[in-house]
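So for the sequence shown, UniProt numbering puts the first residue at 1; every next one is plus one.
Cβ atoms here follow ideal geometry from the backbone N, Cα and C, with glycine treated the same way.
Note that this is a predicted model, so its numbers are computed, not measured.
Here the structure is laid out as structure tokens; the discussion comes afterwards.
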Amino acid sequence: MLLRKLELAKRTILILCNLAIMLIVVASFLARYLFAYDLYGAEEFLLIAAFWLYFIGAAFGSYEQSHIEADFIQSMVGDTVVTRVLGYLRDVIELGVLIVLTYWSWLLIAFSIERWPVSPGWKIPLVVPQSGILVGFILMTLHASVHFWRRITGRPTKE
Numbered sequence: 001m002l003l004r005k006l007e008l009a010k011r012t013i014l015i016l017c018n019l020a021i022m023l024i025v026v027a028s029f030l031a032r033y034l035f036a037y038d039l040y041g042a043e044e045f046l047l048i049a050a051f052w053l054y055f056i057g058a059a060f061g062s063y064e065q066s067h068i069e070a071d072f073i074q075s076m077v078g079d080t081v082v083t084r085v086l087g088y089l090r091d092v093i094e095l096g097v098l099i100v101l102t103y104w105s106w107l108l109i110a111f112s113i114e115r116w117p118v119s120p121g122w123k124i125p126l127v128v129p130q131s132g133i134l135v136g137f138i139l140m141t142l143h144a145s146v147h148f149w150r151r152i153t154g155r156p157t158k159e
């Protein structure tokens with residue numbers, strides 16, 4: 001299934017970004033304090049890994065539904081019609097916000113492609129780290145849509 005393949009891709013990206021951040025930080029530390037050498041531009045690669053880690057991590061949390069929720073109404077009232085209606089409302093609001101944020105991230109990418117700003121050291125186009133924002137929001141919107149569809153069709157939202 002597509003969602004399973006996306007989950008594997010997200011896990012792979014998260015592992016690679018974590019490894020990249022760890023290796024860059026350790027290499028910068030060793031270079032600076034053991035060899036008195038500055039790894040010029042290392043933060044530019046850190047920026048790419050951090051953006052992708054953050055937004056793919058958010059998409060993964062959206063997929064797993066493991067993000068923090070303030071779902072105190074259901075814990076106080078129980079499973080009633082009111083809590084189900086509030087759940088639908090929450091899903092619709094979440095989906096609406098994610099659609100707007102996805103659109104805005106698309107505008108950011110379009111602006112970056114048009115202007116083509118690059119990093120000062122390695123001349124990496126800023127569209128590379130910023131594209132993680134768009135991919136993350138697309139995935140979060142996809143997952144929110146799937147969860148909402150499962151809720152309205154009566155299927156379990158967690159696999």
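Residue-level contact to chain D via CB, residue i, 8 Å cutoff
{"i": "SER66", "result": "This model lacks chain D altogether, as it is built from one protein chain only."}
Residue i to residue j span [Cα, whole Å]
{"i": "HIS67", "j": "LEU16", "result": "22 Å"}
{"i": "TRP149", "j": "LEU134", "result": "22 Å"}
{"i": "GLU94", "j": "ALA144", "result": "7 Å"}
{"i": "ILE24", "j": "THR153", "result": "46 Å"}
{"i": "GLY96", "j": "LYS10", "result": "23 Å"}
{"i": "GLN130", "j": "THR80", "result": "42 Å"}
{"i": "LEU126", "j": "ILE48", "result": "9 Å"}
{"i": "GLN82", "j": "ARG151", "result": "Residue identity differs from the one stated: residue 82 is Val in this sequence, not Gln. About 15 Å."}
{"i": "TRP52", "j": "LEU86", "result": "32 Å"}
{"i": "GLY41", "j": "SER105", "result": "26 Å"}
{"i": "ARG4", "j": "SER119", "result": "35 Å"}
{"i": "LEU19", "j": "TYR54", "result": "14 Å"}
{"i": "TYR63", "j": "HIS147", "result": "9 Å"}
{"i": "PHE45", "j": "ALA110", "result": "22 Å"}
{"i": "THR12", "j": "ALA31", "result": "28 Å"}
{"i": "LEU14", "j": "MET76", "result": "36 Å"}
{"i": "LYS123", "j": "TRP116", "result": "10 Å"}
{"i": "ASP91", "j": "LEU8", "result": "25 Å"}
{"i": "LEU6", "j": "ALA27", "result": "31 Å"}
Status (buried if at least 16 other CB within 10 Å, exposed otherwise) for residue i
{"i": "GLU114", "result": "exposed"}
{"i": "GLU43", "result": "exposed"}
{"i": "LEU2", "result": "exposed"}
{"i": "ASP38", "result": "exposed"}
{"i": "PHE60", "result": "buried"}
{"i": "PHE35", "result": "exposed"}
{"i": "THR102", "result": "buried"}
{"i": "PHE29", "result": "exposed"}
Where the alpha helix (DSSP H) through residue i begins and ends
{"i": "SER131", "result": "127-153"}
{"i": "ILE109", "result": "81-115"}
{"i": "LYS10", "result": "2-33"}
Rounded distance between the beta-carbons of residue j and residue i, thought under 8 Å
{"i": "ALA50", "j": "MET140", "result": "With 8 Å as the limit, ALA50 and MET140 do not qualify as a contact, their Cβ atoms being about 18 Å apart."}
{"i": "GLY121", "j": "ILE56", "result": "Not really, about 24 Å apart at Cβ, beyond 8 Å."}
{"i": "LEU98", "j": "PHE137", "result": "6 Å"}
Q. Taking only runs of the alpha helix (DSSP H) that begin and end inside the segment 36-73, which ones reach a length of at least 4 residues, in chain order?
A. 42-64
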